[in-house]
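S.K.: The structure's right below; bear with me while I get my questions together.
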Amino acid sequence: MDQSALGKKALSESNYVDAIKHYTAALQQSPTSPAYLIQRATAYQRNKEYSMALNDANRAVLEARKRAKREQIIEAQFRRGVALYSLERYGDAEFVLKVVKRMDEKFKGLELWINKTKLTLSKLGREEEGKRLCKVGEVPEEGDDVPTDAATNAGAAATDDKVTGGAPKQQQSTPSNPAPPQQPQQTPADKIRHEWYQNSQNVYFTLLAKGVPSDQAQIDFTPRSLNISFPLATGASYDFTLEPLFAEIDPEACTKRVLSTKIEIGLAKKVHGKKWRALESDTPTPEKTDSVTSADHDAVKAAVLSHPPMSTGPVYPTSSKSGPKDWDKVTTDALRDPSAKPGTADGDEDFEGGDESNLFFKKLFKGSTPEVQRAMMKSYTESNGTALSTNWEEVSKGKVETSPPDGMQAREWDS
Numbered sequence: 027m028d029q030s031a032l033g034k035k036a037l038s039e040s041n042y043v044d045a046i047k048h049y050t051a052a053l054q055q056s057p058t059s060p061a062y063l064i065q066r067a068t069a070y071q072r073n074k075e076y077s078m079a080l081n082d083a084n085r086a087v088l089e090a091r092k093r094a095k096r097e098q099i100i101e102a103q104f105r106r107g108v109a110l111y112s113l114e115r116y117g118d119a120e121f122v123l124k125v126v127k128r129m130d131e132k133f134k135g136l137e138l139w140i141n142k143t144k145l146t147l148s149k150l151g152r153e154e155e156g157k158r159l160c161k162v163g164e165v166p167e168e169g170d171d172v173p174t175d176a177a178t179n180a181g182a183a184a185t186d187d188k189v190t191g192g193a194p195k196q197q198q199s200t201p202s203n204p205a206p207p208q209q210p211q212q213t214p215a216d217k218i219r220h221e222w223y224q225n226s227q228n229v230y231f232t233l234l235a236k237g238v239p240s241d242q243a244q245i246d247f248t249p250r251s252l253n254i255s256f257p258l259a260t261g262a263s264y265d266f267t268l269e270p271l272f273a274e275i276d277p278e279a280c281t282k283r284v285l286s287t288k289i290e291i292g293l294a295k296k297v298h299g300k301k302w303r304a305l306e307s308d309t310p311t312p313e314k315t316d317s318v319t320s321a322d323h324d325a326v327k328a329a330v331l332s333h334p335p336m337s338t339g340p341v342y343p344t345s346s347k348s349g350p351k352d353w354d355k356v357t358t359d360a361l362r363d364p365s366a367k368p369g370t371a372d373g374d375e376d377f378e379g380g381d382e383s384n385l386f387f388k389k390l391f392k393g394s395t396p397e398v399q400r401a402m403m404k405s406y407t408e409s410n411g412t413a414l415s416t417n418w419e420e421v422s423k424g425k426v427e428t429s430p431p432d433g434m435q436a437r438e439w440d441s
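Position in the sequence shown (from 1) plus 26 gives the number in our numbering.
Okay, here's the thing in structure tokens:
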């Protein structure tokens with residue numbers, strides 16, 4: 027197995043030190059390979075050697091551009107943006123990640139890092155304004171290596187020792203029984219804030235509350251709600267609820283973590299790719315928007331299904347030489363199968379005789395979706411039997427006015 031294959035295997039097994047060693051050996055054979063540079067940059071990044079990761083990403087961009095390899099340019103720029111973020115160069119990271127978005131807005135993991143960078147920038151204080159600055163260009167300059175330092179690359183020495191077999195550096199001894207970390211003072215209820223961002227599969231919600239007792243925090247999910255509660259130092263209870271959520275979630279796939287400084291929630295989207303414009307929806311859930319109450323349901327349904335047939339259908343003006351047409355008869359003739367026996371309504375098992383156009387409306391109602399049935403009931407009731415609509419989107423916008431046939435007027439009966 028060659029060195030690049032060994033490096034790939036080590037990287038997939040999260041053995042980053044070995045991955046770096048193998049990709050370094052592969053680069054000795056192919057010093058300008060963008061693919062090897064990208065993979066070693068990934069290993070450096072995950073081993074928290076951020077300056078080394080940025081150096082490899084910069085070189086990978088340059089080598090990929092020389093070969094006009096668009097996919098490798100995009101991947102190298104992405105690794106460059108992630109490394110810049112980890113080095114707390116947030117303005118530079120934002121610029122580079124936007125370059126990636128311009129080239130491929132659907133690149134895996136891109137939206138997550140863009141939102142993460144925006145969130146970090148929004149929280150910077152005045153004393154951290156330097157981290158907002160953008161000093162890089164789309165194309166790194168030749169030889170634009172980043173100097174490494176002990177703070178950024180604390181793991182580099184350990185990596186070199188393992189690769190070269192050098193003696194490990196002597197470490198300072200620590201007490202055998204260190205004191206447990208002190209729980210931070212709890213955030214007052216009126217100071218608790220929250221923030222969120224999303225990708226195509228999840229919505230990431232953070233409640234910025236310090237000192238939450240992890241063993242007493244209650245976090246509950248339903249398809250359209252999130253509820254968080256925990257006791258406060260004052261003896262009261264803090265409750266936070268989002269309902270209804272902007273869209274449905276999968277409660278079984280949601281995640282939660284109670285940390286000393288915050289609560290992290292991962293809301294798994296039921297429909298992947300759906301973009302949330304807010305955490306909560308402005309409109310209530312569908313079952314709350316029905317204008318026809320459940321008490322009216324049976325009465326209206328009976329009215330629609332048992333509408334008495336007219337002895338004579340309405341006759342409308344026509345220019346036909348054969349005289350006015352009976353449109354009810356036209357409908358009946360269209361519904362009847364010429365080969366069916368008289369009185370059988372085409373063999374329908376539910377047919378009990380009578381007007382076949384009435385049967386048509388019965389079958390229409392029975393075979394419709396609940397939304398169409400709701401539209402039929404609302405339009406029939408509010409229009410006093412003069413309209414029957416199947417379009418709930420239109421009917422739900424307001425009251426369906428009475429619409430009498432041409433030549434007739436609607437009047438209110440005196441009680």
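Positions of the beta carbon are idealized from the N, C-alpha and C atoms, including for glycine.
Which partner residues of residue 229 appear in the DSSP bridge assignment?
M.R.: 224, 293.
S.K.: Would you mind stating whether residue 428 and residue 412 have Cβ atoms separated by less than 7 Å?
M.R.: Against a cut-off of 7 Å, the Cβ pair of residue 412 and residue 428 comes out as a contact.
S.K.: In chain order, what residues of the same chain have a beta carbon less than 8 Å from the beta carbon of residue 293, not counting five sequence neighbours either side?
M.R.: Hits under 8 Å: 228, 229, 230, 231, 247, 252, 271, 275, 280.
S.K.: From the DSSP output, in three-state form, read off residue 396 for me.
M.R.: Reduced to three states, the DSSP call for residue 396 is helix.
S.K.: Determine whether the beta carbon atoms of residue 125 and residue 133 lie at a separation below 7 Å.
M.R.: Not closer than 7 Å, so no.
S.K.: Return yes when the Cβ of residue 256 is within less than 7 Å of the Cβ of residue 238, no when it is not.
M.R.: Closer than 7 Å, so yes.
S.K.: Closer than 7 Å by C-beta to residue 146: which residues in its own chain qualify, once you throw out the five before and the five after it? Chain order, please.
M.R.: Hits under 7 Å: 116.
S.K.: Residue 527: buried (16+ other C-beta within 10 angstroms of its C-beta) or exposed?
M.R.: For residue 527 there is no data in the structure shown, the boundaries of the chain being 27 and 441.
S.K.: Where are the beta strand (DSSP E) runs, 3 residues long or more, that stay fully inside the region 240-295, in chain order?
M.R.: Taking only runs of at least 3 residues, the beta strand (DSSP E) segments lying wholly in the region 240-295 are 244-248, 251-257, 263-268, 281-284, 289-294.
S.K.: Once DSSP output is grouped into helix, strand and coil, what is the label at residue 42?
M.R.: Residue 42: helix per DSSP, three-state reduction.
S.K.: Decide yes or no for the touch test of the region 72-80 against the region 40-52: beta carbon pairs closer than 8 Å, at least 3 of them.
M.R.: A contact exists between the region 72-80 and the region 40-52.
S.K.: In terms of alpha-carbon separation, which member of 31, 261, 38 lies closest to residue 62?
M.R.: Residue 31 is the option with its Cα nearest to residue 62.
S.K.: Taking just the CA atoms, how far does residue 409 sit from residue 397?
M.R.: If I take the Cα positions, the gap works out to 18 Å.
S.K.: Which one of 114, 393, 418 has the shortest CA to CA distance from residue 404?
M.R.: Measuring from the Cα of residue 404, the nearest candidate turns out to be 418.
S.K.: If you follow the alpha helix (DSSP H) that residue 104 is in, where does it begin and where does it stop?
M.R.: Taken as a continuous stretch (DSSP letters only), the alpha helix (DSSP H) holding residue 104 covers 96-112.
S.K.: Under the three-state reduction of DSSP, which class applies to residue 306: helix, strand or coil?
M.R.: Strand, per DSSP.
S.K.: Taking DSSP's pairing of strands, which residues face residue 115 in a bridge?
M.R.: For residue 115, which the question treats as bridged, DSSP gives no partner whatsoever.
S.K.: Where does residue 242 land, buried or exposed, given buried means 16+ other C-beta within 10 angstroms?
M.R.: Its Cβ having fewer than 16 others within 10 Å, residue 242 is exposed.
S.K.: To the nearest angstrom, report how far apart residue 305 and residue 143 are at their CA atoms.
M.R.: Between residue 305 and residue 143, the C-alpha separation is close to 20 Å.
S.K.: Considering Cα atoms alone, identify which of 60, 222, 148, 226 is closest to residue 298.
M.R.: Measuring from the Cα of residue 298, the nearest candidate turns out to be 226.
S.K.: State buried or exposed for residue 421, treating a residue as buried only when at least 16 other CB atoms are found within 10 Å of its CB.
M.R.: Answer is buried; the Cβ neighbour count reaches 16.
S.K.: Leaving out five residues on either side along the sequence, give the residues of the same chain with a beta carbon under 6 Å from the beta carbon of residue 471.
M.R.: The structure shown does not extend to residue 471, since the chain is modelled only from 27 to 441, so the question has no answer here.
S.K.: Specify the secondary structure class of residue 136 as computed by DSSP and reduced to three states.
M.R.: Helix at residue 136.
S.K.: Take residue 58 and list the residues in its own chain whose beta-carbon comes closer than 7 Å to its own, dropping the five residues that flank it on each side.
M.R.: Correct list, in chain order: 89.
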